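Read through the structure below, which is laid out as structure tokens, and then see the notes.
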Amino acid sequence: MRDARVHFVPRSDFHRELVRRVDAYFAQTGLRRDGGRAIVIKTAVLLAMLTGSVLALLLGSLGWLALLLAASVAGVAIAGLGMAVMHDGSHGAYGPTAARNRWAARVLDLLGGSSYVWKVKHVHVHHTYPNIEGADDDIALEPLARLAPGQRHHAAHRFQRFYMFFLYGFVVMKWWLIDDFKQVARRRLGTHPLPPPRGAEARVFWAGKLLHGVWAVLVPGLIVGWLPTLVFYVVSQFVAGLILSLVFQLAHCVQEAEFYDPRAAGGRLELDFARLQLATTVDFCPQSRWLSWYVGGLNFQAIHHLFPRISHVHYPALAPIVAQVCAEHGVAYKVSHSMGALLRSHYRWLERMGQPPEQAAPDEATSIVARAA
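Okay, so the sequence shown: first residue is 13 according to the numbering used here, each after it adds one.
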């Protein structure tokens with residue numbers, strides 16, 4: 013990933029109006045901006061799903077079909093905990109205190125990832141530079157995949173629309189076994205510095221890696237045997253990785269989302285922050301209450317990017333406010349009411365990016381250059 017220098021223009025009238033309307037909503041309703049009781053109940057439900065699945069493995073003589081079912085439920089719970097609990101905690105939106113948010117964020121450490129690496133990679137980098145080539149590490153999957161027009165093309169990318177849906181399933185396992193260690197050792201996240209964790213952060217990093225291995229692999233292996241343990245672990249992690257990857261990709265790596273290459277503007281881009289967030293994100297299925305509940309409001313991706321420190325439990329109420337302000341200022345607010353349509357859009361985007369740039373249509377061969385407004 014090449015270095016990118018990005019400069020945002022001062023907050024626009026549009027951005028100020030968004031903030032004013034959302035502030036007015038909370039002032040009028042008297043609601044807190046954190047998740048409150050609703051997110052605590054959700055945490056309990058998801059933890060119960062994961063615990064029950066693991067206990068089924070440990071205490072029951074499961075046949076292979078039952079084992080696969082229990083592992084799949086565990087994977088659904090792991091992804092849900094990541095999206096609805098850890099994610100809010102990492103943004104300081106889970107609860108009213110820093111300690112509660114910190115512990116919610118550290119759920120990721122028990123699930124095999126690193127809350128420390130995540131905070132830098134996601135909270136600081138991705139949220140500042142969404143879909144900006146050379147800056148957003150979340151779209152830098154080279155050489156496995158080409159997700160943006162300015163990225164280098166390899167011959168294998170012709171088939172990425174097929175194989176990436178399989179590779180998505182290994183994301184969570186890769187965090188535990190490879191990525192976090194590699195990034196901490198290199199002290200880099202793409203082009204961004206990653207200071208090594210120190211003090212409590214270092215203890216949590218190493219303890220999390222160890223504890224995940226103990227509860228997820230060692231204890232089950234000693235109790236029920238290594239083969240069923242390995243099958244349960246791989247299936248659960250694969251399901252979790254596939255869900256997490258697709259939720260991100262449907263919101264950012266589709267034909268409806270824009271990508272920006274600072275090099276196309278002489279190395280610098282003048283961008284309004286709020287417009288950037290709306291240009292690079294797509295909301296999906298806002299009408300589905302169960303989906304919004306499960307994915308932690310990440311189907312309201314634009315709302316989340318505009319107001320990351322507000323808990324996802326408020327996103328359905330904030331979406332009409334944002335839509336109205338966007339309409340008043342002539343700013344596109346991208347929403348798809350069909351997950352199937354967005355899955356097809358992601359497939360087509362992978363297909364388009366899998367073509368060599370010289371074979372793509374003229375508007376597909378180069379990155380979209382930001383138009384500051």
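Positions of the beta carbon are idealized from the N, C-alpha and C atoms, including for glycine. Owing to the predicted nature of the structure, the values given are computational and were not obtained by experimental measurement.
Is the number of C-beta pairs between the region 54 to 61 and the region 172 to 180 that are closer than 8 Å three or more? no
Taking the continuous alpha helix (DSSP H) assigned at threonine 55, which residues delimit it? 48 to 71
State yes or no: is the C-beta of leucine 269 within less than 8 Å of the C-beta of threonine 241? According to the sequence displayed, residue 269 carries alanine and not leucine. Not in contact: alanine 269 and threonine 241 (Cβ atoms no closer than 8 Å).
Inter-residue CB distance, leucine 62 and glycine 94 (contact presumed, cutoff 8 Å): About 11 Å; that fails the 8 Å criterion.
For arginine 287, count the other beta carbons within 10 Å of its own beta carbon; 16 or more makes it buried, fewer makes it exposed. Which is it? buried
Local Cβ density within 10 Å of valine 226, reported as buried at 16 or more and exposed below that: exposed
Best match in Leu122, Cys265, Glu145 and Gln195 for proximity to alanine 276 [C-alpha to C-alpha]: Glu145
Buried or exposed, going by whether 16 or more other CB atoms sit within 10 Å of the CB of tryptophan 187? buried
Where DSSP assigns a beta bridge to leucine 201, which residues make up the other side? His204
Check whether the region 246 to 255 and the region 77 to 95 touch, using three or more Cβ-Cβ pairs below 8 Å as the test. yes
Hey, how far is the Cα of arginine 383 from the Cα of lysine 194? Its pLDDT being 35, under 50, arginine 383 is placed unreliably by the model, and nothing is read from it.
Is the distance from the Cβ of valine 259 to the Cβ of aspartate 192 below 8 Å? no
So, for leucine 310: in the same chain, excluding its five sequence neighbours on each side, which residues have a beta-carbon less than 6 Å away from its beta-carbon? Met95 and Val259
Taking the Cβ atom as the reference point for each residue, do tyrosine 141 and isoleucine 51 lie within a distance shorter than 8 Å? no
Given a cut-off of 8 Å on the beta-carbon distance, is the pair histidine 19 and leucine 281 in contact? yes
Other residues of its chain near phenylalanine 285: CB distance less than 6 Å, five sequence neighbours each side excluded: Phe20
Roughly how many angstroms separate the alpha carbons of glutamine 182 and alanine 78, rounded to a whole number? According to the sequence as given, residue 182 is phenylalanine; it is not glutamine. Taking the straight line from one Cα to the other gives about 22 Å.
Beta-carbon proximity list for serine 73, same chain, < 8 Å, skipping 5 on both sides: none
For proline 368, the nearest candidate out of Gly162, Ala339 and Val236 (CA to CA): Gly162
Helix, strand or coil for arginine 14, going by three-state DSSP, please let me know. Because the pLDDT of arginine 14 is 45, which lies under 50, any placement of that residue in the model is unreliable, and the question is left without a value.
Sub-8 Å separation of leucine 70 and valine 236 beta-carbons: yes
Tell me which residues share the same chain as aspartate 375 and place their Cβ nearer than 8 Å to its Cβ, disregarding the 5 neighbours each side in the sequence. Reliability fails at aspartate 375, whose pLDDT of 48 lies under 50, so the model's placement of it is uncertain and the value that follows must be treated cautiously. So no residue of the chain qualifies.
Starting from the C-beta of aspartate 295, find all residues in its chain whose C-beta is less than 8 Å away, skip the five residues before and the five after it, and write them out in chain order. Ala263, Asn311, Phe312, Gln313, Ala314, Ile315, Ala331, Tyr345, Lys346, Val347 and Ser348
So what's valine 347 in DSSP terms, helix, strand or just coil? strand
In angstroms, rounded to a whole number, what distance separates the CA positions of alanine 385 and proline 328? Its pLDDT being 31, under 50, alanine 385 is placed unreliably in this model, and the coordinates cannot settle the point.
For methionine 185, which of Ser126, Cys338, Arg173 and Lys133 has the nearest alpha-carbon? Ser126
What is the DSSP secondary structure of aspartate 284, counted as helix, strand or coil? coil
Integer Cβ distance of glycine 308 from aspartate 150, believed to fall under 8 Å: No, glycine 308 and aspartate 150 are not in contact; Cβ-Cβ is about 17 Å, not under 8 Å.
Per-residue burial, glutamine 289 [other beta carbons within 10 Å of its own, 16 or more giving buried]: buried
On the DSSP bridge assignment, give the partners of aspartate 192 in chain order. Bridge partners of aspartate 192: none, in fact.
Straight-line CA distance for alanine 219 to serine 248? 21 Å
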